[in-house]
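Residue numbers 0 to 454, in numbering that gives the first Met the number 0, belong to the letters of the sequence shown in order.
Backbone N, C-alpha and C define an ideal beta-carbon position, used for all residues, glycine too.
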Amino acid sequence: MNSVINFLVKDLLGQASILIAFIALIGLLLQKKSAGKVVEGTFKTLLGFLIMMAGINIIVGTLTFLNTIFTHGFGMKGYITDVAAIAGLASRELGSEVALTLLVIFIVNIIIARLTPFKYIFLTGQALLWMATIGAVIGYKAGLTGLPLILTGGIFGGIMAVVMPALAQPVVRRITDSDDVALGHFCTIGYLLTAAVAKVVGKGSRSTEDLKLPDNFKFLQDTYLSMAVVMVPMYLIPAVAAGPEFIGQYSNGMNYLMYAFMQSIQFVAGVFVLYSGVRLLLNELVPAFRGIAMRLVPDAKPALDCPVMFPYAPNAVIVGFLATTLGSVVGMLVFPMFGLAMILPGLLTNFFAGGTAGVFGNALGGRRGAMIGGFVHGLFITFLPAILVPMLESYGFTGVTFSDSDVISTGLILGHAFQGNWLFVALFIVFITLIAWFVNGKSPKSHEEKLHETL
Numbered sequence: 000m001n002s003v004i005n006f007l008v009k010d011l012l013g014q015a016s017i018l019i020a021f022i023a024l025i026g027l028l029l030q031k032k033s034a035g036k037v038v039e040g041t042f043k044t045l046l047g048f049l050i051m052m053a054g055i056n057i058i059v060g061t062l063t064f065l066n067t068i069f070t071h072g073f074g075m076k077g078y079i080t081d082v083a084a085i086a087g088l089a090s091r092e093l094g095s096e097v098a099l100t101l102l103v104i105f106i107v108n109i110i111i112a113r114l115t116p117f118k119y120i121f122l123t124g125q126a127l128l129w130m131a132t133i134g135a136v137i138g139y140k141a142g143l144t145g146l147p148l149i150l151t152g153g154i155f156g157g158i159m160a161v162v163m164p165a166l167a168q169p170v171v172r173r174i175t176d177s178d179d180v181a182l183g184h185f186c187t188i189g190y191l192l193t194a195a196v197a198k199v200v201g202k203g204s205r206s207t208e209d210l211k212l213p214d215n216f217k218f219l220q221d222t223y224l225s226m227a228v229v230m231v232p233m234y235l236i237p238a239v240a241a242g243p244e245f246i247g248q249y250s251n252g253m254n255y256l257m258y259a260f261m262q263s264i265q266f267v268a269g270v271f272v273l274y275s276g277v278r279l280l281l282n283e284l285v286p287a288f289r290g291i292a293m294r295l296v297p298d299a300k301p302a303l304d305c306p307v308m309f310p311y312a313p314n315a316v317i318v319g320f321l322a323t324t325l326g327s328v329v330g331m332l333v334f335p336m337f338g339l340a341m342i343l344p345g346l347l348t349n350f351f352a353g354g355t356a357g358v359f360g361n362a363l364g365g366r367r368g369a370m371i372g373g374f375v376h377g378l379f380i381t382f383l384p385a386i387l388v389p390m391l392e393s394y395g396f397t398g399v400t401f402s403d404s405d406v407i408s409t410g411l412i413l414g415h416a417f418q419g420n421w422l423f424v425a426l427f428i429v430f431i432t433l434i435a436w437f438v439n440g441k442s443p444k445s446h447e448e449k450l451h452e453t454l
């Protein structure tokens with residue numbers, strides 16, 4: 000029995016590429032496509048996702064190097080936002096509970112999508128794993144075990160898997176000019192906050208994608224060239240601060256500045272690969288997903304990982320990344336003055352979540368919205384992990400905290416609910432509701448937007 004559960008949860012649901020390809024297969028079969036079309040669509044969906052992940056892995060590798068030299072070069076010490084480390088520690092004690100909670104989240108997601116107007120199927124496997132982890136850890140430390148523990152984390156996580164894409168969808172429609180795909184990434188509260196700030200400060204600001212340059216600088220209108228111009232100094236400056244001896248551990252005899260330069264160019268190459276994978280994935284998955292929409296969950300929308308937003312506003316991705324990084328550095332320096340933990344900037348989070356925040360900010364407030372909204376986003380994603388630290392330390396997790404705003408919010412809401420602090424829970428939910436209402440309040444109402452009126 001355990002081997003079957005491990006196969007279903009870890010090898011199927013736990014492998015995002017297999018899960019998404021399997022869903023495409025089901026969708027094509029439900030549409031009664033020919034055998035050749037089923038094989039082609041399933042394979043191209045799998046290939047597109049793996050190409051996207053290859054790009055992400057390149058980016059992760061180069062950003063991990065940048066994060067290391069950035070932290071060492073400027074002498075930073077504090078808490079790191081490392082969800083993988085927490086998940087690894089939790090799995091030693093709660094491995095089966097986390098896996099079963101993940102399974103319940105997925106089942107609850109499908110049931111809600113089938114029975115309610117909120118037709119979102121959350122397909123970002125690692126994000127569901129983080130949500131399952133925080134739910135299992137908080138519930139276990141509150142004294143829950145067995146079925147109550149699994150159902151508590153699973154039901155709450157399943158609700159979040161539907162609510163978060165629903166709250167983001169009005170802005171996603173504006174970004175993509177369609178309603179075919181949704182955002183399945185548990186940083187949505189941060190994105191909505193960015194959009195809210197952008198809506199206030201960005202009136203009349205032109206889009207980041209409408210940049211007009213003199214003839215000598217028109218080469219910067221190429222996404223990848225402009226990205227290289229930004230990223231090369233982003234790597235070289237921390238490399239100078241870290242010094243040749245430290246970087247020599249990684250460069251395998253290459254000059255340390257040349258190595259840093261090549262890492263910055265590999266970052267750009269990774270983005271190119273990522274965008275290629277996203278386009279292939281969407282071209283195959285969205286049509287295949289209509290089979291599920293027509294049969295199992297009418298009008299269902301796939302909620303996919305945040306990089307699917309990047310090709311719609313690539314300049315905004317870089318603006319959001321830089322603005323979020325600046326905000327996180329300021330937050331790292333300022334928040335400890337008020338007794339909070341020092342949270343080190345996590346450049347992986349800053350790129351993926353910050354880049355997406357930039358796209359959201361640009362959609363509602365143009366360049367100014369992407370810049371100022373992105374800066375506020377950096378402060379926000381530094382503040383949230385800091386206020387979660389005391390709770391995690393009371394559970395035995397030291398030196399690390401979560402990074403995704405929705406996952407942290409889940410931890411804070413569940414943790415304070417179990418402690419009987421319902422005022423905190425109520426105020427936090429009101430805060431989220433007000434942000435969502437402000438961002439989407441003047442948009443034409445659809446099923447998911449009516450959610451704001453019922454919260």
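- In the DSSP secondary-structure assignment, P344 is not bridged to any residue.
- Assignment of beta-bridge partners to F121 by DSSP yields A302.
- Only residues of its own chain outside the window of five on either side were considered, and among them P310 have a CB closer than 6 angstroms to the CB of Y274, listed in chain order.
- Your pair G276 and F21 does not check out as a contact, with CB atoms roughly 18 angstroms apart and the cut at 8 angstroms.
- With a threshold of 16 other beta carbon atoms within 10 Å, N108 meets it and is buried.
- With distances taken between CA atoms, N314 lies nearest to N361 out of I246, L28, N361 and K140.
- In the three-state DSSP reduction, Y78 falls in the strand class (E or B).
- A distance below 9 angstroms separates the beta carbons of V200 and G364.
- Counting only residues of its own chain and dropping the five nearest sequence neighbours on each side, H415 has a CB closer than 7 angstroms to the CB of F423 and V424.
- Rounded to whole angstroms, K36 and I50 show a C-alpha spacing of 20 angstroms.
- For T144, the secondary structure class from DSSP, reduced to helix, strand or coil, is coil.
- DSSP places D405 inside the alpha helix (DSSP H), whose first and last residues are S404 to F417.
- In this structure, the alpha-carbon of I17 lies about 7 angstroms from that of L45.
- Of the residues R366, I106 and E96, the one whose Cα lies closest to the Cα of K211 is R366.
- Under the three-pair Cβ rule at 8 angstroms, the region 177-190 counts as touching the region 397-411.
- The three-state reading of DSSP puts T115 in coil, since its state is none of H, G, I, E or B.
- The region 318-333 makes no contact with the region 159-167; the number of CB pairs closer than 8 angstroms stays below 3.
- Short of 7 angstroms from the beta carbon of G269, and not among the five residues preceding or following it, lie these beta carbons of its own chain, in chain order: G54, I57, I58 and T61.
- Judged by DSSP in its simplified three-state form, L210 adopts coil rather than helix or strand.
- Across the structure, Q125 and V103 are spaced so that their CA atoms are roughly 15 angstroms apart.
- In this structure, L192 is the residue among G153, L28 and L192 with its C-alpha nearest to the C-alpha of L378.
- In the three-state scheme derived from DSSP, where H, G and I count as helix and E and B as strand, L182 is classed as strand.
- Annotated as distal: G357 and T115, with beta-carbon spacing of 9 angstroms or more.
- Taking every protein chain shown into account, the CB of F337 has fewer than 16 other CB atoms within 10 angstroms, so this residue is exposed.
- Non-local C-beta neighbours of V170 in its own chain, meaning closer than 6 angstroms and more than five positions away in sequence, comprise A194, F359 and A362, ordered along the chain.
- Close CB contacts of V180 within its chain, under the 7 angstroms cut and outside five residues either way in sequence, are with L281, V285, K300, P301, L303 and V307 (chain order).
- The Cβ atoms of I407 and L387 sit closer than 9 angstroms to each other.
- Between A340 and Y78 the beta-carbon gap is near 5 angstroms, inside 8 angstroms, which marks them as a contact.
- Here the C-alpha atom of M52 lies approximately 34 angstroms from the C-alpha atom of W436.
- Per DSSP, G47 is one residue of the alpha helix (DSSP H) stretching across A34 to G72.
- Scanning its chain for C-beta atoms nearer than 7 angstroms, with the 5 sequence neighbours on each side dropped, one finds around M75 the residues L343, in chain order.
- When the alpha-carbon of L128 is set against those of K31, A141, G145 and G152, the nearest one is in G152.
- In this structure, the beta-carbon distance from P237 to F73 falls below 9 angstroms.
- In this structure F334 touches F382 by the C-beta definition: roughly 6 angstroms separates them, less than 8 angstroms.
- Selection G134, F245, K202 and S263 evaluated against T70 yields F245 as nearest (Cα-Cα).
- Per the coordinates, the alpha-carbon of G145 lies some 8 angstroms from the alpha-carbon of E96.
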